[in-house]
Amino acid sequence: MLIKGVTALVVGGAGGLGEATVRRLHAAGADVVVADLADEKGKALESELGVRYVRTDATDAASVAAAVGEAESTGPFRIAVDCHGGPAGGGRLVGKGGEPLDLDAFRTTIDVYLTGVFNVLRLAAAAIARTAPCGEDGDRGVVVTTSSIAAYEGQVGQLPYAAAKGGVSAMTLVAARDLSPLGIRVVTVAPGTVLTPAYGRSAEQVAAHWGPQVPHPRRMGRPEEYAALVQHLCENDYLNGEVVRLDGALRFPPK
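As structure tokens, then:
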């Protein structure tokens, strides 16, 4: 699929992975709608690049519908990328004092990292389905979601996050099959350790901890590498129903 001239919605577009993706798709010629809760960063991108920013809560149906409507009104709406973040409650299933993991914290993490992705996927796909097909294969567009290698090797204390990301990975093939009659592809990126502000510590501290654990290249991933993969997933029409790891061959140890 050609990116130039189509509209792309990037949910979480003001974050580390999202901003890099916004810049990449914009440079490739897409009209980009940035959907996020980070008003300052979103408006800064709007001012710098000429993209549109829409304040969006991925877990709220009306909020996502408004962002999708903005993308659809710009048209033709063919690309949706979801890389939003949020709070990720954690802890051992049973703590050292014998207390069970908090149920509400688990539900919150599932709501943000799994239900939110489903919400974006269903609403974006319904809008893309209204876009006229193009090309000899009848393509309408693609939805790219974001999982994590924690879906496969979740560490001690990551149970809620691993469960949510495992759900995102599990949805990928089923969603691709559901949407195949409509000419819509679904693919997922499962990043390893990508250096973004989401870690909440200095870049030097995070890189010193995770970089040496990556087999090759022996460093953390870069948001630009995630964005480059997203671009390829959009452009390669035969990539569908797949979860692609982006991790330098890293496999998480237990802790």
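Heads up, the sequence shown is in our numbering, so the first residue is 273 and it goes up one at a time. The beta-carbon is built from N, C-alpha and C at its ideal position, and this holds for glycine as well. Keep in mind that this is a model prediction, so the values were computed, not measured.
- Pairing T403 with V515 gives a Cβ-Cβ distance that is not under 9 Å.
- Annotation: L297 to D332 spans about 25 Å, alpha carbon to alpha carbon.
- Around the beta-carbon of R457, 16 or more other beta-carbon atoms lie within 10 Å, marking it buried.
- Under the three-state reduction of DSSP output, G483 falls in the helix class.
- Its chain contains A286, G287 as the residues whose beta carbon lies nearer than 8 Å to that of A310, once the 5 sequence neighbours on both sides are disregarded; these appear in chain order.
- The criterion of a C-beta distance shorter than 9 Å is satisfied by H356 and V384.
- Given a length threshold of 4 residues, each whole run of the alpha helix (DSSP H) inside the stretch 353–384 is given here in chain order: 375–382.
- By the criterion of a C-beta distance shorter than 6 Å, T417 is surrounded in its chain by D354, V389, V440, T460, once the five residues flanking it on both sides are discounted.
- R517 and A462 do touch by the CB rule: their CB atoms are close to 5 Å apart, below 8 Å.
- Relative to the Cα of T465, the nearest Cα in the group Y510, E497, D450 belongs to E497.
- For P495, the uninterrupted alpha helix (DSSP H) segment begins and ends at 495–507.
- Following the DSSP letters along the chain, one finds A462 inside the beta strand (DSSP E) bounded by residues 456–463.
- In this chain, the alpha helix (DSSP H) harbouring L297 covers 288–299.
- Secondary structure note for L518: its beta strand (DSSP E) is the uninterrupted segment 515–518.
- Under DSSP, T418 shares a beta bridge with V461.
- At the C-beta level, Y325 and G341 stay beyond 9 Å of one another.
- 9 Å or more divides the Cβ of G367 from the Cβ of L431.
- Counting of Cβ neighbours within 10 angstroms places N508 among the exposed residues, the total staying below 16.
- Distance from the CA of Q485 to the CA of I382, rounded to the nearest whole angstrom, comes to 28 Å.
- For the pair A339 and L393, the CB atoms are not nearer than the 9 Å cut-off.
- With 16 or more other Cβ atoms inside 10 Å of its own Cβ, P495 counts as buried.
- Taking all protein chains shown into account, L365 has fewer than 16 neighbouring C-beta atoms within 10 Å of its C-beta and is therefore exposed.
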